[in-house]
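Participant: Below is the structure I would like to discuss, written out as structure tokens.
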């Protein structure tokens with residue numbers, strides 16, 4: 003056996019031993035999140051999808067039709083969506099732009115009807 007082959011075997015043996023040790027040290031159990039940190043307190047238990055602080059934009063053709071900014075959103079199995087802390091910006095409707103704000107908004111299945119409650123305001 004040539005000298006370089008002996009050295010290559012030694013290096014290979016070191017790598018074979020070192021890699022599993024490095025992997026074992028790098029992999030560790032994930033820390034358990036604190037109780038209640040996984041979802042906001044106001045999320046109903048029957049919601050399919052929930053998110054906090056976001057923005058949605060409906061685009062019709064090449065220009066935005068309306069946008070919805072919210073603090074919390076919950077979507078249900080029937081397709082309806084519930085928003086908390088909502089601001090709806092509507093573009094070029096009847097020749098004007100307007101902004102609707104409210105504490106609470108319910109969007110029905112099909113997104114054809116929006117019901118605002120609590121401090122609803124149109125600008």
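Numbering (this note's numbering), first residue to last: 3 to 125. Where a beta carbon is used, it is the ideal one built from N, C-alpha and C, also for glycine. Computed from a prediction, not measured in an experiment: that's the story for all the values here.
I'd like to check one pair, residue 101 with residue 70: are the Cβ atoms closer than 7 Å?
Facilitator: No.
Participant: Can you check which of these residues, 52, 93 and 10, is closest to residue 64 by C-alpha distance?
Facilitator: 93
Participant: Below 7 Å CB to CB, which residues in the same chain sit around residue 80 once its five sequence neighbours on both sides are set aside?
Facilitator: 111
Participant: Can you give the Cα-Cα distance for residue 31 and residue 25, rounded to whole angstroms?
Facilitator: 13 Å
Participant: Report the residue from 48, 50, 75 and 49 whose alpha carbon sits nearest the alpha carbon of residue 58.
Facilitator: 75
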